[in-house]
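Student:
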Amino acid sequence: MSVILIRADGGPTIGFGHVTRCRALARTLHELGRQVLWITRTPDVLPADVKALCEIVSVTQTDEFEALSTLARRHEAPVLIGDWKDTDPILVQRLRDTGLPVVLLGNQTGAARADLIVKQRFVPQPETRGVHCLDGPEHLLLPAAFSALTPPVAVTQAQSVFVSLGGSQSELIDHCLAICEELCQQRNVKVDILRPDHQGTPHRAQEVAERMRAADFAVMAGGTSLHEAAACRLPAICLPIVPRQLDRARSWEALGFGVSLVPDTPHWESQFATAFNRFHTDVEIRQGAIEKMAASVDGLGAQRVAQFIHTTWPGEPSPPESS
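Heads up: the sequence shown at position 200 corresponds to 196 in our numbering, and the numbers run straight through without jumps.
1) What do you get for Phe268, buried or exposed, if any count of 16 or more other CB atoms within 10 angstroms of its CB means buried?
2) By alpha-carbon positions, which one of Arg183, Ser247 and Pro259 ends up nearest to His171?
3) Tell me which same chain residues have a C-beta within less than 7 Å of the C-beta of His306, skipping the five on either side of it?
4) Could you pull the start and end residues of the beta strand (DSSP E) that Ser54 belongs to?
5) Am I right that Gly297 and His135 are in contact with their C-beta atoms under 8 Å? What's the rounded C-beta distance?
6) Determine, using beta carbons only, whether Glu206 comes closer than 7 Å to chain D.
7) Return helix, strand or coil for Ser164, following the three-state DSSP convention.
8) Taking only the alpha-carbon atoms, compute the straight-line gap between Leu64 and Ile286 and give it to the nearest angstrom.
9) Where Val46 and Phe142 are concerned, what is the direct C-alpha to C-alpha distance, given to the nearest angstrom?
10) Give me whichever residues DSSP pairs with Ser156 in a beta bridge.
11) Thinking C-alpha only, which one of Lys81, Phe61 and Pro120 is nearest Thr94?
12) Looking only at its chain, what residues have a beta carbon closer than 6 Å to the beta carbon of Pro139, apart from the 5 residues adjacent to it on each side?
13) Report the option in Val(-1), Ala205, Ile0 and Arg17 whose CA atom is closest to the CA atom of Gln299.
14) Would you tell me roughly how many angstroms separate the C-alpha atoms of Trp264 and Gly295, rounded to the nearest one?
15) Comparing C-alpha positions only, which one of Gly102, Lys288, Thr38 and Ile10 sits nearest to Thr56?
16) If you follow the alpha helix (DSSP H) that Trp80 is in, where does it begin and where does it stop?
17) Which class does Cys228 belong to by DSSP, given the choice of helix, strand or coil?
18) With DSSP as the reference, label Leu136 as helix, strand or coil.
19) Would you call the segment 177 to 188 and the segment 241 to 250 in contact, with 3 or more CB pairs under 8 Å?
20) When you compare only the Cα positions, how much space is there between Val159 and Cys176?
21) Counting only the same chain and skipping the five closest in sequence on each side, list residues whose C-beta sits under 6 Å from that of Val255.
22) By alpha-carbon positions, which one of Pro147, Asp212, Ser221 and Ile2 ends up nearest to Arg23?
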């Protein structure tokens, strides 16, 4: 069977969400019997399990089209799965013009037209360009550690807080973390801060799931880690760090999974302290969020998407029809 190509990068400047969801998809494709070739400009930040699962090819050429099209021909790839931070619509079209189907992951695909777009958001939206999409919470790409988890029961007063503000690094993130630590200290609440190392290498999915499940509520950025929190049924105060996280943060609050505040805006620190106090003491808001998340996110999106790709692009000729 031919090789499926995945194109994704990660690291402290762009975060690790692209690698995390591609890792979940690659593992599920592997379980379906598919081989995966992972193409990246950041091989050093790929987790060990990805390197054990996939052949890794480092792209160093300025001309990415030449590199990708050459690899596709060499491996007779039936499809390329692309999860770029910023999708180049011209590159995507050139690849498709060679006969290579392209699947794009994420919500920042811009004007690119692909054979399939797998959106990563809680609330599906209509696609107006005639491009086939898989959208909504049932298609969130999550590792198996976040699949079909039993909802917890909220405690009367929160005793522990999980904090994760993404895989990038900035002064704003450091400031937010300092405020979280101060609020936890004032209220005698245990705080568990999750940060990748200086390369952006993430923790194991099982470890993250266990640490999330041990917390009573969370403070999180607006990246794809919110999908993991929803699968763990973990109520959270969302602090979107960059503009591209705003839509997901708004959905988080609108769905009743928690609240959203934009850092570095007027009065946000006092608003954050108020929200923190509420989540600390209000069992009803936490229990309500748990129930809403349990009804929306089951953590099985990677299986659904992998099965769709596996069926749509089998990568081997159909058997001849019997006479």
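Just so you know, even glycine gets a beta-carbon here, dropped at the ideal spot from N, CA and C. Owing to the predicted nature of the structure, the values given are computational and were not obtained by experimental measurement.
Tutor: Let me spell this out:
1) buried
2) Pro259
3) Leu25, Leu28 and Arg30
4) Glu51 to Ser54
5) With a Cβ gap of about 5 Å, Gly297 and His135 count as contacting.
6) Structure shown: chain D not included; a single protein chain is present.
7) Here DSSP, grouped into helix, strand and coil, assigns Ser164 to coil.
8) 43 Å
9) 18 Å
10) Lys186
11) Phe61
12) Ala20 and Ala201
13) Arg17
14) 32 Å
15) Thr38
16) Neither: Trp80 is in no alpha helix (DSSP H) and is coded neither H nor E.
17) coil
18) coil
19) no
20) 8 Å
21) Ile233, Glu249 and Ala271
22) Ile2
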